[in-house]
């Protein structure tokens, strides 16, 4: 191992402690605010209970799933147990479980704080935008700090205990399994509730969005938390761990280079966390200030702090390289640029949203056609950004020696993800203030307060599009480096088998090409299965809502309460039921391709999967955001405003966009990571057993 | 050159003469039927004039475009004129022009016969389904025979005159340029008219689909011809030429193998044409028979005849190989399988169409979501089919020696395209009987006749989905072999420059990866630009229709005639105006990537382009067909039938699907071919000038 590595591991643990302490401080700060309004307290409790129900049920299923997978991991990975060493397989299985558990803990506490903050944000909105913003943002920041802290802790502890970077892939696979449940399952949950609530409430009964008579309304609020707080957190936990793990796997193969690459990975990671702590601490709006600007400026602060800190570290520490610093900086800057271009396509002060709103005046078909078209176009700048950053990182680091080029790409991913603590904080802020807005309305807090909550909510929506683009970009670079990690695992297996090493995957080889075509189809099928799952699940929930209105006397008149719990149950059970086939499909296709075409086919498969996955994820997230904001733009009075034909069309666009942007689009990331990790972990098996 | 090659060239010309003679016979057979109904004659003349207007205008612009490109080709291809030989550049420019002219002639005559057949089919529907089917089918078959005859003639003549397969790429590029105009331009035209006619007629005024009071109705009928007859013909002319050209480029690099590969390409091509002649000659329906079955069974006859003929040829001719026969047969069989799976997703007797119709009962958002989802899923079997056929063809031919593996893939494409004469006949049948149905209604031919015409039309729709899937599959294999042709051009250039040859494109190289990401985004942006073009163009046409209803007195009451020509003008001018930026974008992106990353980046670019292009083309064509048939299924009485909420939702789905399936989806093929050919032609330039 490298000299001074223990120093950097120690500093990593220290930073984790700082981050956790800061998170605790923020938690206590949020908690000390009092909730005086009885109605708000009551509903907030219902939301918390609903989220707890979902999480408990999800974690119960997940625990069984994780144990089964852990046994499989123990038996076959990294080598079938009858060929390899039992201790290594045992460590792998333990690391897998640790990955799921740490991610679950971060998610659980994040939800706890988020459901605690929503009511307090609603009440502090009575005192103005400054305290309300701080309450919402700090509630979200607890999640951001926990996610990054847990992931850095897990990676550092795993490497320290095992000294074997391959085991890190097991830890990362654990994080991915959980992310698949949390992100895709949460995504199905949230959209089931949203779609069913809208269909029955707004469309059939003509009651407002957050009307407490609607049996689905609590499920809808719970959905925001489980989808956007726990789901997004697990997704970025997953990306963050995968980026670090693949960088470390590649770094450990760069022996005898004289550079302290492993130390660099840890150093940059903890500096990123530290930068996020500083960014979070500085976030506040001025009196009558703009919350969007506040969120963006803390992101820029974090970015600048990270660049300066890493530059100092690179100058000071022995065995650090400016070329690698350059790669990591390029990754971070491209991430920011992707966020900004996403904003261009989804912000209602920019022309695209207005064009889609205008098209809606000709009918819903034109809403859909224009949204799909701009969604496709919006993928181009991000794809170019990722392509350029990979090319620049590679070119910068290639002169350092064999294997450094791919390490450069991995460090670009680490750089892009360095500010992820800040990104998650911004993202978790969204559902908290969204809930707060609903609570303010249900609690009857008055026009002024609702307007304040609205302003906070609108900032949340704008920033959400940016963070979504950012997280897709980060996943893009991460999976490119996972491709590098996969090749390095394949070569380890080939070397052990005494066979010739591979130098890459040639697209003119038919086995590679075969993999590319099938890999490209998988994200399309995966997202289709999730969307159809939302449809089926929403149908079940609509039936339940109809039943309640039929059977509960006085519900329509507001004299009786609906059975909120039943709707939450349906959303929960359905989400998990619909998710499993999609996840299994992706994993089975990977195994089928691997056993047919061997590692070459898997190389192609991963490439196809990454490329089409990125394209579809960007398309779906952005067109979904575009439709959402076009609807809001029309509701604000454009093209005839609320109740006009354009509004009806825009609502249809928004309903189509909901599962695009909150279920399928962001789950594709996780699908790609899961598939990449399965491939890397099973690399040795594919080398031994395959038809071609 | 190979021994006996002249014999096979001679037989190719002979088959072309047979095909042309048979086409002439069919033309005269169709022409001898009389049109007695004055109204039908009149409207049919309007359609013919409209199509002529579009074609004349298109060809005029195209002539200028082609001449400009020919000059560019002359100056820079295959080598800048100041470095290469003037004669070679001159041949290339001439071949380019020949490619455009031959494709244009086939398109022009095809349209002529199609617009002649529609009225005659309508009238013969009075005598029953048998004569009406024959008239419609034989009218379409003229186009099928001409397209394949002209392409085989062009390829054979070019090779005979120049003995240089690289020049064939110029011919193929000419065919592609024309296809881009005909397919994408025609696609924009037809959907502009269709959407505008529906929006104003059915939706605003509540008049039937083919009502002659609607100023857009003739443009709509013209659109069927220019989009589906001329456009699809040019598209398959292009694929057919590209498949043969790339097979010949690769074959000519297989020197000293002892196999007569060039002869095989020609032999299989003319046997395919002969098989199509036989298939066309046997097509007929029994009394009260089923026209869908008639179309399908002649396709199967053609397939079987081709397999038997090529087996005999392979057994008899010296220097032919059974392995190559196997590759070509696998390609053909996979093509048929892709057609059948497409049918599964778009036929209204199968479950998927019913599911989408059922989803429509919950509102248009669910029509869209389920259609998009099944469209994504439908891509999987076709992608697997193409992947497997490429893998099998490669594996079969690899033992024959260096370079034979890629030749195997090229021959799979040639095999798949062998029955293209039959496919185009089936496809051109669609718009003829669609027009005939409209004419029967406008001419007041009575219920019975309209029902017969309806039955013919419905068979046309079913078969259209199949041929569309087939043509996308064929394009998929063709572009894979074009990738092989590109590599062979790069190596020729490298050899001339005295540099090291490349053996493939490694996805772990960042320049390759860079190309893959950008190449994958191009088809998405291309199709988005076309769809937005349709939207903009339809908006202009709707404004014109509103103007006519406002300014022409008595139009609404049916006492005055609308100005059909004005609508045709708008559709024509707009189609060409919207098409050019999309085509230029694709070509400029190719050149940008080539000049930045050199041939490696272009290899990746082509891969990304092929993979995402296939995925999107399959998705768009199939979900479009699915929505179309769901609407028809609801109109036939399901889910409440016409006028129900489900019907309204299904109509919205159909409107979204129209530009998907008739503009963007099938144009992606052409975009991929154009980009592949530009890359191959500019290979030498990229080798000399690039940044990386």
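Protein chains in written order, with my numbering: chain A, 1 to 692; chain B, 693 to 1384.
Backbone N, C-alpha and C fix where the C-beta goes; we use that ideal spot for every residue, glycine too.
Item                                                                                                                                         : Value
Every unbroken alpha helix (DSSP H) within the region 1129-1198 of chain B, with a cutoff of 4 residues, ordered by chain                    : 1139-1188
Residue 566 of chain A versus residue 882 of chain B: straight-line alpha-carbon distance, rounded                                           : 50 Å
Burial state of residue 163 of chain A (16 or more Cβ within 10 Å)                                                                           : exposed
Three-state secondary structure assigned by DSSP to residue 284 of chain A                                                                   : coil
Neighbour flag for residue 1295 of chain B against chain A, beta carbons, 8 Å                                                                : yes
Alpha-carbon spacing of residue 384 of chain A relative to residue 709 of chain B, whole angstroms                                           : 50 Å
Residue 1200 of chain B, DSSP secondary structure in three states                                                                            : coil
Stretch pair the region 505-513 of chain A + the region 697-709 of chain B: three plus CB contacts closer than 8 Å                           : no
Integer-rounded CB distance, given that residue 216 of chain A should sit under 8 Å from residue 267 of chain A                              : Not confirmed; about 48 Å, so no contact.
Within 8 Å, strictly: CB atoms of residue 463 of chain A and residue 310 of chain A                                                          : no
Closest residue to residue 457 of chain A among A:468, A:466, A:433 (Cα-Cα distance)                                                         : A:433
Residue-chain proximity (residue 470 of chain A, chain B), Cβ-Cβ < 8 Å                                                                       : no
Buried versus exposed call for residue 318 of chain A [16 or more other C-beta atoms within 10 Å across all chains shown]                    : exposed
Residue 922 of chain B, buried or exposed, once every other Cβ within 10 Å from all chains shown has been counted against 16                 : buried
Any chain A beta carbon closer than 8 Å to residue 886 of chain B                                                                            : no
Three-state class that DSSP yields for residue 1315 of chain B in the structure shown                                                        : helix
Beta-carbon proximity list for residue 360 of chain A, same chain, < 6 Å, skipping 5 on both sides                                           : 367, 646, 649, 650
Distance, residue 290 of chain A Cα to residue 1222 of chain B Cα                                                                            : 39 Å
Residue from A:679, A:690, A:556 with nearest C-alpha to residue 169 of chain A                                                              : A:679
Beta-carbon spacing of residue 1210 of chain B, residue 1158 of chain B below 8 Å                                                            : no
Beta-carbon proximity of residue 912 of chain B to residue 1362 of chain B, cut-off 8 Å                                                      : no
Other residues of its chain near residue 1031 of chain B: CB distance less than 6 Å, five sequence neighbours each side excluded             : 1158, 1161, 1162
Check whether residue 19 of chain A and residue 145 of chain A have beta carbons under 8 Å apart                                             : yes
Under 8 Å between C-beta atoms of residue 626 of chain A and residue 352 of chain A                                                          : yes
Whole-angstrom distance between residue 153 of chain A and residue 22 of chain A, CA atom to CA atom                                         : 16 Å
Listed by chain order, chain A residues near residue 1196 of chain B by CB distance under 8 Å                                                : 506, 507, 508, 509
Alpha helix (DSSP H) segment containing residue 58 of chain A, residue limits                                                                : 38-76
Buried versus exposed call for residue 308 of chain A [16 or more other C-beta atoms within 10 Å across all chains shown]                    : exposed
The alpha helix (DSSP H) enclosing residue 781 of chain B, as first and last residue numbers                                                 : 778-816
Closest by C-alpha distance to residue 382 of chain A, when choosing among A:333, A:297, A:398                                               : A:333
Chain-order list of residues whose beta-carbon lies under 6 Å from that of residue 707 of chain B (same chain, five-residue window excluded) : 962, 965, 966
Contact list for residue 594 of chain A against chain C, beta-carbon separation under 9 Å                                                    : The structure shown has no chain C; the protein chains it does contain are A and B.
Helix, strand or coil at residue 317 of chain A according to DSSP, with G and I counted as helix                                             : coil
Element boundaries [alpha helix (DSSP H), containing residue 191 of chain A]                                                                 : 186-197
Reduced DSSP secondary structure (H/G/I, E/B, other) of residue 572 of chain A                                                               : helix
Three CB pairs or more closer than 8 Å across the region 1301-1311 of chain B and the region 599-615 of chain A                              : yes
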